[in-house]
Amino acid sequence: MHPKLYYRTGGFLPLTHLSFAYDFIIFTNGSIKTVQMLFSFLENFQNTTGLTFNKSKSLFIMAKSFAASRIHSIERNTSLIKESLPMKYLGTPPFKGRKKPFLFYDIFSTIQKKLTAWAFNYLSYGGRLVLIKHVLCSIPVYLLHTLAPTVNVSRRLEALFNKFLWGSKEGSNAIIWGFWKNCSGTLEEGKLRFRTIKDMAKTFNLKLWYNFRANKSLWAKFMVTKYCGIKHPLIFSFRIGDSKNWKDFAMSNGKLRS
């Protein structure tokens, strides 16, 4: 791509796009001339390859500081609709700012559908154990790879799992013989081989930290360039404007190694 099409990252690693199969995110600056250059490039790409972009499934996102006149001009030039964060990309919601509970609503909706479908089936405790371990606990795994849940979200998820374990259904309660955290652990510890949501999130956080330290992916290179520069990743020197997610990520892994 032409250098003018690069997304301005404050002098850091230039970004052009992210792609996976047929899903693309293109980063560029928001000037009208640049947008026109970008779409001219995409039109040449379509004419050359025979591939086409589905505009009905495409959108653009801009910073809140952009004037309404600029936004309307881009909409006229591109025939795309402006949207706001968070959005869905590959099943995860890219967002800006603090984590909000609504980012996890899809997980609760999916779990609730499963519980409703199983509500009228006779299930033994062993059957519920299998469903929790291999179905319910696997639902949030994909999102937990990139987004650690809040404390409240973790508690709500574990409460749903625990109620299902002890036979509680919608509209009817059952005796809860133990808290989820008391059931989580190895068989040698006298537990049921569950893991708490906090432990699952910590595991994926460590995996993300490993990828960050390996510095091989585009994400890792961007993060190292943006937040560390020439300094070692364990030497934290946070600056005003640094992402809260970066601070939490760096501090949590720094404490694990201190």
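The numbering used here applies: residue 1 is where the sequence shown begins, and numbers increase by one. The C-beta atom is built at its ideal place from N, Cα and C for all residues, glycine as well.
Going by the DSSP bridge assignment, what does residue 83 pair with across the sheet?
61
Residue 71 beta carbon less than 8 Å from that of residue 110
no
Unbroken alpha helix (DSSP H) run spanning residue 106, endpoints:
105–118
Buried or exposed: residue 177, going by 16 or more other Cβ atoms within 10 Å of its Cβ?
In this structure residue 177 is exposed. Its beta-carbon is surrounded by fewer than 16 other beta-carbon atoms within 10 angstroms.
Minimum C-alpha distance to residue 141 - residue among 249, 162 and 108
108
Just mark residue 161 as buried or exposed, buried being the case when its beta carbon has 16 or more other beta carbons within 10 Å.
buried
How many angstroms separate the CA atom of residue 217 from the CA atom of residue 192?
Near 37 Å, if we compare the C-alpha coordinates of residue 192 and residue 217.
Best match in 167, 174 and 201 for proximity to residue 137 [C-alpha to C-alpha]:
201
DSSP three-state label for residue 50, please.
Reduced to three states, the DSSP call for residue 50 is coil.
Is residue 223 buried or exposed, if buried means 16 or more other CB atoms sit within 10 Å of its CB?
Counting of Cβ neighbours within 10 angstroms places residue 223 among the buried residues, the total reaching 16 or more.
Whole angstroms is fine: what's the gap from residue 266's alpha carbon to residue 69's?
No statement about residue 266 is possible, as the shown extent of the chain runs from 1 to 258 and does not include it.
Near residue 62, which residues of its chain fall below 7 Å by C-beta distance, leaving aside the five closest residues on each side in sequence?
Once the five neighbours on either side are set aside, the close Cβ partners of residue 62 are 30, 71 and 82.
In terms of alpha-carbon separation, which member of 164, 181 and 183 lies closest to residue 175?
164
Residues bridged to residue 172 by DSSP?
Partner(s): 169.
Considering only DSSP beta bridges, list what residue 92 is partnered with.
89
Starting from the Cα of residue 199, find the closest Cα among 180, 211, 135 and 58 and give me that residue.
180
Residue of 18, 89 and 112 minimising C-alpha distance to residue 135
112
Applying the 10 Å Cβ sphere with the 16-neighbour rule, what's the burial state of residue 67?
exposed
Can you tell me the Cα-Cα spacing of residue 256 and residue 101, whole angstroms?
A caution first: residue 256 carries a pLDDT of 48, below 50, which makes its placement in the model too unreliable to give a value.
Within 8 Å, do at least three Cβ pairs link the segment 124–135 to the segment 146–153?
no
Work out the CA separation of residue 94 and residue 44 for me, nearest whole Å.
29 Å
Between the beta-carbon of residue 60 and the beta-carbon of residue 42, is there less than 8 Å?
no
Does the beta-carbon distance from residue 90 to residue 20 come in below 8 Å?
yes
Which listed residue (213, 245 and 248) has its alpha carbon closest to that of residue 232:
213
Looking at the secondary structure, which residues open and close the alpha helix (DSSP H) in which residue 199 lies?
197–214 is the extent of the alpha helix (DSSP H) around residue 199.
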